[in-house]
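Q:
Numbering (full-length UniProt numbering), first residue to last: 1 to 126.
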């Protein structure tokens, strides 16, 4: 049932869903700025780029949880801040980081997206 005054609910397109929200981008940029890793001002001295996470195999929930926790801590975010920007609950972030094997994939992807992480699949047999 729709709320009064709402004639229909529109879902974002897949390309819109794959983009981080403006709030998530602002949060990440703020975290980078506070850690001294933001882009230098025009004509300023170059600063080192944030460490890049090399591709790693994610064979289970624990590996994904470790990746999410590592990136969150590198950005100096709390679980609550990540949860708010990913549109999930703080408890979900805690369970994701703990490697709970039955987490919802959509929510896990939202948390990754909020952190600027992209998950890709690769055929390990070919």
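Think of the CB as a built atom: it goes at the ideal place given N, C-alpha and C, for glycine as much as any other residue.
Report the rounded CA-to-CA distance for residue 38 versus residue 75, giving the unit in angstroms.
A: Locating residue 38 in the chain shown gives position 38, where the first residue counts as 1. Locating residue 75 in the chain shown gives position 75, where the first residue counts as 1. Residue placement at residue 38 cannot be trusted, given a pLDDT of 46 that sits under 50; the coordinates are not used to answer.
Q: Output the distance between the C-alpha atoms of residue 89 and residue 71, rounded to the nearest integer angstrom.
A: Working through the chain shown from its first residue, we reach residue 89 at position 89. Working through the chain shown from its first residue, we reach residue 71 at position 71. In a straight line, the C-alpha of residue 89 is about 18 Å away from that of residue 71.
Q: Could you name the residues of the same chain whose beta carbon sits closer than 6 Å to that of residue 101, not counting the 5 residues immediately before and after it, in chain order?
A: Translated into the one-based positions of the chain shown, residue 101 becomes position 101. Within the same chain, residue 101 has close Cβ partners 61.
Q: What residue range does the alpha helix (DSSP H) around residue 68 cover?
A: Counted from its first residue, the chain shown places residue 68 at position 68. Segment 61-74, the alpha helix (DSSP H) holding residue 68.
Q: Shortest alpha-carbon distance to residue 81 belongs to which of 114, 58, 65?
A: Position 81 of the chain shown, counted from the start, is the residue given in the question as residue 81. Residue 114 is the option with its Cα nearest to residue 81.
Q: If you count every other CB in all the chains shown that lies within 10 Å of the CB of residue 105, and 16 or more means buried, which is it?
A: Along the chain shown, one-based indexing puts residue 105 at 105. With fewer than 16 Cβ atoms within 10 Å of its Cβ, residue 105 is classed as exposed.
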